[in-house]
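Converting from the first sequence to the working numbering requires adding 725 to each position, the first position being numbered 1.
Cβ atoms here follow ideal geometry from the backbone N, Cα and C, with glycine treated the same way.
Working notes, beginning with the structure itself.
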Amino acid sequence: MKYKSLKGVHDIYPPDIFIWQRIENISRDIFRNYGYREIRLPIIESTEIFTRSIGETTDIVEKEMYTFTDKGGRSVTLRPEGTASFIRSYVEHYLYNEPSPQKFYYMGPMFRYERPQSGRQRQFYQIGAEVIGAESAMMDAEVISMLSLILERIGLDNLSFEITSIGCPDCRPAYTAALKDYIREKIESFCDDCRRRFDINPLRLLDCKVPSCIKEREGSPAVIEHLCGGCGEHLESLKHHLRILGVSFVINPALVRGLDYYTKTAFEVKSMSSSGSQNAVAAGGRYDRMVKEFGGPDLPGIGFAIGMERIIQLARSLNDEFEGPDIFICSLGDDESAKALGLANRLRQKGVWAEVSHDKASLRSQMNRANRIGAKSVIVIGENELKCNTAKLKAMKSGESSDVSLSADDIATALNKLVG
RNA sequence: GUGAGUGUAGCUCAGCGGCAGAGCAUCUGACUGUGGCUCAGAGGGUCGCGGGUUCAAGCCCCGUCACUCACCCCA
């Protein structure tokens, strides 16, 4: 084999593509009911868009970005996530000059240079939603319940909605100080990574999975206990409204986001039934300072992203029916084949999925093919049918048939009656 | 970046020094004009790649690449 796709990037083709389309369609339907409009963003941006927003010291920026220099000498990057691009676009096009809040969604590929494994690719797809201009925790609750509806409609269950608040620039310094005070005394008992993180990004200590570290940090101060008045009320209000909306959730104070731009609400949806360790199917949070940092007005934002590959893994088992053609037209002889082709053409113009045989083949093998591709009905045009201008339309599943004239109108009507 | 496992037909895999195989899938026929069942046959291979050992290497050895899984981190 001469060419293969690159490591960590994959083709998506039938039958999997049907699951992708189903999930995209369900999402679009629900976004519409919640007033979200689609926005299509470039997959490539100035590197600075990401380094400034995601954070210079995050893993994404430090080692996972597809960054290169273009022919004009600019540093450009394949987007590792969607929010930064969205905010750039939002500010660039003055989208805040529309009734507030503004709600957008997008679907598309993201890129991170990592070692692939189950549920993790280098090119992976996200369905994202972003809301700008809503400060109230009611919006946080609405966004999370919309996410819940999407996942439920797709057919996923056994999901855990985990929620926390990571505070704001007012309360975070006090919390980090408290955390560092607690850890500092026993820093020697933590793993190398944790010791490194202690100075760079102490919140990350809470996410370490090394058993000894988990033990050592037991009893460490929790973020949600050090929230300022505003952040505390926001979290309480979110919990209240989630209960009103009937979304069950758990508070997970150890939830840490891999991006620096989050404030207040952060949440993650985990699959309890996923076999691999990549069990986060969607994640999001509030980013109240980001629009301003991108040179726009001081507007709050909140959003989430669904990991397509991860929900596909879970949804694959519940994939059901795939559609076959409405009618397969068999023909015997050149004149008959020409008739079949013309008929198929007219049927297609009327919205019927019609297939014909393009190669000379025995009726048996044509029937076989009709069966294999899942045709709902079949019609045979031979010498006799051509002469009388009538034929038998046969429903493949039931075996029932009815006589029709060889006109697209009659066939379409008969099809409706015979196979729906 | 670190560690482990696996590379043989389109797919799932067997073969473990001695002619490159099975099941499924595809195509054809048995059955001039009605599919699904059955039977027979056909097509399809750089045994990942390179080197070494051997009279002889999918098989053993070395290297390399790819894939998978896990760690790190994340969607």
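Name the two residues that bound the continuous beta strand (DSSP E) containing residue 1118. 1115 to 1120 is the extent of the beta strand (DSSP E) around residue 1118.
Does the stretch 790 to 800 touch the stretch 821 to 834, meaning 3 or more C-beta pairs lie closer than 8 Å? The stretch 821 to 834, when compared against the stretch 790 to 800, does not touch it at the 8 Å Cβ threshold.
Under a Cβ-count criterion, where at least 16 other Cβ atoms within 10 Å of its own Cβ denotes burial, should residue 989 be classed as buried or exposed? Around the beta carbon of residue 989, 16 or more other beta carbons lie within 10 angstroms, which makes this residue buried.
Is residue 729 close to the ligand COA? I mean its beta-carbon at under 7 Å from any heavy atom of the ligand. Here there are no bound small molecules, and the ligand COA is not part of this structure.
Among residues of its own chain, excluding the 5 on either side of residue 977, which ones have a beta-carbon nearer than 6 Å to its beta-carbon? Cβ neighbours of residue 977 within its own chain (closer than 6 Å, five residues either side excluded): 887 and 889.
Span of the beta strand (DSSP E) holding residue 1128? Residue 1128 -> beta strand (DSSP E) spans 1126 to 1130.
Cβ separation of residue 1118 and residue 1104, assumed to be a contact under 8 Å, to the nearest whole Å: Confirmed, Cβ separation roughly 5 Å.
For residue 1023, tell me which candidate among 1015, 1133 and 1030 has the shortest Cα-Cα distance. Checking every option, the nearest Cα to that of residue 1023 belongs to 1015.
Suppose contacts are defined by Cβ-Cβ distances below 8 Å. Is residue 847 in contact with residue 733 by that definition? At a Cβ-Cβ threshold of 8 Å, residue 847 and residue 733 count as neighbours.
Would you decide whether residue 922 is buried or exposed? Buried here means 16 or more other CB atoms lie within 10 Å of its CB. Its Cβ being crowded by 16 or more others within 10 Å, residue 922 is buried.
If you check the beta carbons only, do residue 819 and residue 857 fall under 8 Å apart? In this structure, residue 857 does not lie closer than 8 Å to residue 819 by Cβ.
Per DSSP, cross-strand counterpart(s) of residue 1086: Partner(s): none; residue 1086 has no beta bridge.
Which residue marks the beginning of the alpha helix (DSSP H) containing residue 1138, and which one marks its end? Segment 1133 to 1144, the alpha helix (DSSP H) holding residue 1138.
Along the beta strand (DSSP E) that carries residue 1026, what are the first and last residues, could you check? Following the DSSP letters along the chain, one finds residue 1026 inside the beta strand (DSSP E) bounded by residues 1026 to 1032.
Sufficient close CB pairs (3 or more, under 8 Å) joining the stretch 751 to 770 to the stretch 870 to 878: Because the criterion of three Cβ pairs below 8 Å is met, the stretch 751 to 770 and the stretch 870 to 878 touch.
With distance defined between alpha-carbon atoms, name the residue in 1111, 1127, 1112 and 1086 nearest to residue 1102. It is 1127.
Count Cβ pairs between the stretch 1027 to 1044 and the stretch 741 to 753 that sit closer than 8 Å; are there 3 or more? Contact between the stretch 1027 to 1044 and the stretch 741 to 753 is present, because at least three Cβ pairs lie under 8 Å.
Quick check: the Cα distance between residue 1068 and residue 881, rounded to an integer number of angstroms? Those two C-alpha atoms are separated by around 43 Å.
Identity of the residue in 751, 1090, 1129 and 883 nearest residue 997 by Cα: From the listed residues 751, 1090, 1129 and 883, the smallest Cα separation to residue 997 is found for 883.
Would you check if the distance between the CB atom of residue 1093 and the CB atom of residue 1121 is smaller than 8 Å? Between residue 1093 and residue 1121, the C-beta gap is not smaller than 8 Å, which leaves the two residues out of contact.
Over what stretch of residues does the beta strand (DSSP E) that includes residue 1105 continue unbroken? Per DSSP, residue 1105 belongs to the beta strand (DSSP E) from 1102 to 1106.
Assuming contact is defined by CB atoms lying nearer than 8 Å, are residue 967 and residue 974 in contact in what I supplied? Between residue 967 and residue 974, the C-beta spacing is below 8 Å.
DSSP state of residue 974, grouped into three classes? Note: residue 974 maps to coil in three-state DSSP.
Over the uninterrupted beta strand (DSSP E) stretch that includes residue 889, give me the two end residues. 884 to 890 is the extent of the beta strand (DSSP E) around residue 889.
Excluding the five sequence neighbours on either side, which residues of its own chain have a C-beta within less than 7 Å of the C-beta of residue 1134, listed in chain order? Residues of the same chain with their beta carbon placed closer than 7 Å to that of residue 1134 are lacking, with the five preceding and five following residues left out of the count.
Could you tell me which residues DSSP pairs with residue 833 in its beta bridges? The partner list for residue 833 (beta bridge, DSSP) reads 851.
Where does residue 1139 land, buried or exposed, given buried means 16+ other C-beta within 10 angstroms? With 16 or more other Cβ atoms within 10 Å, it is buried.
In its own chain, which residues sit with a C-beta less than 6 Å from the C-beta of residue 1013, not counting the 5 before and 5 after it? Closer than 6 Å at the Cβ level, and outside the excluded window around residue 1013, lie 988 and 1025.
If you draw a straight line from the C-alpha of residue 1047 to the C-alpha of residue 746, how long is it? C-alpha separation (whole angstroms): 12 Å.
As assigned by DSSP and simplified to three states, the class of residue 1074: Correct three-state label for residue 1074: helix.
Classify residue 810 as buried or exposed, calling it buried when 16 or more other Cβ atoms lie within 10 Å of its own Cβ. Buried, since its Cβ has 16 or more Cβ neighbours within 10 Å.
Using only the alpha-carbon positions, how far apart do residue 1061 and residue 1030 sit? Cα-Cα distance, rounded: 54 Å.
Please name the residue in 791, 851 and 774 whose C-alpha comes closest to that of residue 814. Nearest option by C-alpha distance: 774.
In chain order, what residues of the same chain lie with their CB nearer than 7 Å to the CB of residue 782, ignoring the 5 residues before and after it? So the list reads 925 and 926, once near-sequence residues are dropped.
Could you give the distance in angstroms between the alpha-carbon of residue 853 and the alpha-carbon of residue 807? Answer to the nearest angstrom: the Cα atoms are 7 Å apart.
Spatial neighbours of residue 914 within its chain, please: CB distance less than 6 Å, with the 5 preceding and 5 following residues excluded, ordered by chain position. 941.
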